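Before any comments, here is the structure.
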Amino acid sequence: MIHIHIERKTYPASGRAESHTAIAGLELHLGEHEFVCLVGPSGCGKTTLLNLIAGLDRDFQGTIHLSKTGTPRLGYVFQEPRLLPWRTVRENLELALPPRRDPAVIDELLVLTGLTEFQHTYPQRLSLGMSRRVALARAFAVEPDLLLMDEPFVSLDAPTAEKMRRLLADLWQRRPHTVLFVTHDLREALELADRLVFLTPPPSRVAREVTLPHAPRLRSPEVVETLYRRLAPK
Amino acid sequence: MRWEAANSLRAATVPAASLLSLVLIWQVAAWWLASPLLPSPAVVFATLGRGIATGELLHHLGITLLRLGISFALAMILGSILGILLGYHATLDRWFDPWLTVFLNIPALVTIILCYVWFGLSETAAITAVVVNKLPNVAVTLREGTRHLDRGLLEMARVYRFGTWKTLRHVIWPQLYPFVVTAARTGLALIWKIILVVELLGRSDGMGYQLHLFFQLFDVAGILAYTLAFVIVIQAIEWILLQPLDRYARRWHR
Chain A
161 MIHIHIERKT
171 YPASGRAESH
181 TAIAGLELHL
191 GEHEFVCLVG
201 PSGCGKTTLL
211 NLIAGLDRDF
221 QGTIHLSKTG
231 TPRLGYVFQE
241 PRLLPWRTVR
251 ENLELALPPR
261 RDPAVIDELL
271 VLTGLTEFQH
281 TYPQRLSLGM
291 SRRVALARAF
301 AVEPDLLLMD
311 EPFVSLDAPT
321 AEKMRRLLAD
331 LWQRRPHTVL
341 FVTHDLREAL
351 ELADRLVFLT
361 PPPSRVAREV
371 TLPHAPRLRS
381 PEVVETLYRR
391 LAPK
Chain B
36 MRWEAANSLR
46 AATVPAASLL
56 SLVLIWQVAA
66 WWLASPLLPS
76 PAVVFATLGR
86 GIATGELLHH
96 LGITLLRLGI
106 SFALAMILGS
116 ILGILLGYHA
126 TLDRWFDPWL
136 TVFLNIPALV
146 TIILCYVWFG
156 LSETAAITAV
166 VVNKLPNVAV
176 TLREGTRHLD
186 RGLLEMARVY
196 RFGTWKTLRH
206 VIWPQLYPFV
216 VTAARTGLAL
226 IWKIILVVEL
236 LGRSDGMGYQ
246 LHLFFQLFDV
256 AGILAYTLAF
266 VIVIQAIEWI
276 LLQPLDRYAR
286 RWHR
C-alpha cells in the first residue's frame, strides 16, 4: 500500500508572481498493482503532486509513504521523453537499468515496443511517438514499485496515442506495477484505469473517487462512451 | 567513399589556391620593392630551413610550446572550476561577476607587466600572467554552460538513481563538453598571442624573445620565418586535436 498525504504545498512568491498554494489536504492511497488515473483540469497541481511523490521536490508539509521495506524503485514517464540525446536508444535504457538486473530485459522491451531496429539510433532521429516509446520502455525496465506517468501521450495524434495506450496496457498486463497516471483527458483515463481520482481546482485535493468495473485489457470505445456519459461533468 | 574523397579534394583546392595567391602577391611585392625590409618567400623559407637545421628554431619553439601547454592547462582547469561554481551558485555569481568583468577588461599587457614587477622576471611570473589573462574567458564560458544544464534531464537522472558518477559522466559532462571545446579553441587563439609578449618582455628564450632579437637587428626574414613556423604549429594543433574533438562532441547531432 502506498499512502500519500499532502498537508500543504505552497510555491513562494518569486518576481511578480505571488505565492500560491498548489495542494492542500490531499489524501491518496494506492493498492498493490493498481492502475489509478488522476484526472483534473490543467494547472491543478497534478505534475506538482508527481514531483513530490518522486522526491524531486521535498519542500512541502505532509508525509509520503511508498513502501515498508527500504527505498522503493520509481519509474517516471515525464510529459517530454527526457532521453539523453548523446546516447543511443539502447544506451538510454541501459543507463536507467539498476545494477545487477539482467540486461536481457532490454531486448525484451525493445521487441515489445517495436524499437529493436532503432536500438542504435540517437534520439534526435526518432519521431515523438518513438521517443515516447523509449521513455515507456525505460520506465518498465527498472521494474518500478510505483510507476508515475505525467500525461505521457499528450501532443500525439489520436491514432498514435491510441497505439501507445494499447502498448501501455500490454506492458502492464505482463508487469502489473502500481501506476499513477496523470491526465486531463477523461476518455483516456476511462480506457486504462482501475480507479479514477478527480482533483479540485487549486489548492487541490481529492474531489471524488470512482472505482471502475474490472477490465482485463484496454476498455472498448463503447464501454468508454457509456462510462463517459455517466461520469463527465454536465 | 570515392565521392567523399573527390569532395574533400575540391574543398581543399580553394584554400590551397588562396594561400598560393598570397605567396604570389608577396613575391611580386618583394621583387618590386627590392628591399631587405621585405624579403622574398624564397629567402624566408631558406631562413626557416636554416633555423630548423641548426636546431635553434626548434629549441625556442619547444620552450614556447611548453609554456603554452602549462598555462593553457592551468587556465582551463582553474577557469572551469570557477565557471561551474558560479553557474551553480547564484549568490556566488552575484558577488564575483563584477570581478570577472574587471579582469576581462584589464589589457593583457598590464597583467604581464604587473606580474613581472611583483614576482620578478621568472618563469612563474610568465605563466601566471598568461593564466590570469585567459582564466576569466574560460570561467565565463563554463558558467554559461552550467547555467544551460537541462533540469529535466537532471531530474530524470535523479528518479532513475543514476548516482553521482553516472550523472556527471552521462548527463552533465556531455552538456558541458561543447563549452569546454569552445573555451579551448578561443583560449588557444588568445594564449599564443599573449605568450609572445610575455617572452618578449621578460624571458631570455622562446619565440617572443627571438622575435625581439630579430626586431633589434631589423632581421625581417627571421621574423617572418619564425612567425611562419609558429602559425603552422598552432594551425596543426587546431586541425589534429581541436577540430576532431569538436566533431566528436557533435556526433549525436542530426
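Protein sequence lines correspond, in order, to chains A and B. Letter by letter, the first sequence follows residues 161 to 394 in this note's numbering. Letter by letter, the second sequence follows residues 36 to 289 in this note's numbering. Even for Gly, the Cβ is constructed at its ideal location relative to N, Cα and C. Fair warning: this is a prediction, and the values are worked out from it, not measured in the lab.
For the C-beta of Tyr-171 of chain A, not a single chain B residue is nearer than 7 Å; the gap to the nearest is close to 16 Å. Separation of Val-152 of chain B and Gln-278 of chain B (C-alpha to C-alpha, rounded to the nearest whole angstrom) is 38 Å. Residues Cys-150 and Phe-154 of the same chain have their beta carbon placed closer than 8 Å to that of Thr-163 of chain B, with the five preceding and five following residues left out of the count. Per the DSSP secondary-structure output, Lys-169 of chain A pairs in a beta bridge with A:Ile-183. Residues of the region 194 to 208 of chain B with a C-beta less than 9 Å from any C-beta of chain A: Val-194, Tyr-195, Arg-196, Phe-197, Lys-201, His-205 and Val-206, listed in chain order.
Every alpha helix (DSSP H) stretch that sits fully inside the region 150 to 196 of chain B and reaches 4 residues is listed by chain position as 158 to 182 and 186 to 194.
Boundaries of the beta strand (DSSP E) around Glu-369 of chain A: 366 to 371. If the five residues before and after Glu-167 of chain A are omitted, its C-beta is found closer than 6 Å to the C-beta atoms of Gln-221 and Gly-222, all from its own chain and listed in chain order.
Of all alpha-carbon atoms in B:Pro-74, B:Leu-246 and B:Leu-103, the one lying nearest the alpha-carbon of Leu-59 of chain B is that of B:Pro-74. Residue state for Gly-222 of chain A is assigned as strand, using DSSP reduced to three classes. Residues of chain A with a Cβ closer than 7 Å to the Cβ of Leu-188 of chain B are, in chain order, Arg-242 and Leu-244. Within the region 332 to 388 of chain A, complete alpha helix (DSSP H) segments of at least 4 residues are found at 346 to 352, given in chain order.
For Ile-269 of chain B, same chain residues with a beta-carbon under 6 Å away, outside a window of 5 residues either side, are Trp-227 in chain order. Relative to the Cα of Leu-253 of chain A, the nearest Cα in the group A:Ser-227, A:Leu-359 and A:Pro-283 belongs to A:Pro-283.
The closest CA to that of Thr-273 of chain A, considering only A:Asp-262, A:Ala-297, A:Leu-255 and A:Arg-260, is found on A:Ala-297.
In the DSSP annotation of this structure, the continuous segment of the beta strand (DSSP E) that includes Tyr-236 of chain A starts and ends at 234 to 237. Annotation for Val-255 of chain B: the continuous alpha helix (DSSP H) segment containing it runs 255 to 272. Contact residues of the region 193 to 220 of chain A toward chain B are Asn-211, Ala-214, Gly-215 and Leu-216 (C-beta to C-beta distance below 9 Å). Out of A:Pro-381, A:Pro-245 and A:Leu-356, the CA that lies nearest to the CA of Gln-210 of chain B is found in A:Pro-245. A residue is called buried when at least 16 other Cβ atoms come within 10 angstroms of its Cβ; Met-309 of chain A meets this threshold and is buried. Shown here is that no member of the region 89 to 118 of chain B has a Cβ falling below 7 Å from a Cβ of chain A.
For Phe-250 of chain B, the number of other beta carbons within 10 angstroms of its own is below 16, and it is reported as exposed. Using beta-carbon distances, His-288 of chain B counts as an interface residue toward chain A, with a partner under 8 Å. Interface residue (Cβ-Cβ distance to chain B less than 8 Å): Val-249 of chain A is not classified as such. At least 8 Å separates the CB of Leu-307 of chain A from every CB of chain B. A straight line joining the alpha-carbon of Leu-216 of chain A with that of Phe-313 of chain A spans about 22 Å. Those residues of the region 278 to 299 of chain A placed with their C-beta closer than 7 Å to a C-beta in chain B are Tyr-282, Gln-284 and Arg-285, ordered along the chain. When Cβ pairs closer than 8 Å are counted between the two stretches, the region 168 to 175 of chain B is seen to touch the region 105 to 123 of chain B, the count reaching three or more. Around Leu-234 of chain A, the beta-carbon contacts reaching into chain B at under 7 Å are Val-194.
Using a Cβ-Cβ distance cut-off of 8 Å, the region 223 to 237 of chain A and the region 178 to 186 of chain B are not in contact, since fewer than three pairs of beta carbons, one from each stretch, lie closer than that value. Not flagged as an interface residue toward chain B: Leu-269 of chain A, since no C-beta distance is shorter than 8 Å. The closest CA to that of Ser-179 of chain A, considering only A:Pro-363, A:Leu-255 and A:Leu-391, is found on A:Pro-363. Apart from sequence neighbours up to five positions away, the residues of its chain that approach Tyr-123 of chain B with a beta-carbon distance below 7 Å are Thr-181, ordered along the chain.
With a threshold of 8 Å between beta carbons, Leu-255 of chain A makes contact with chain B.
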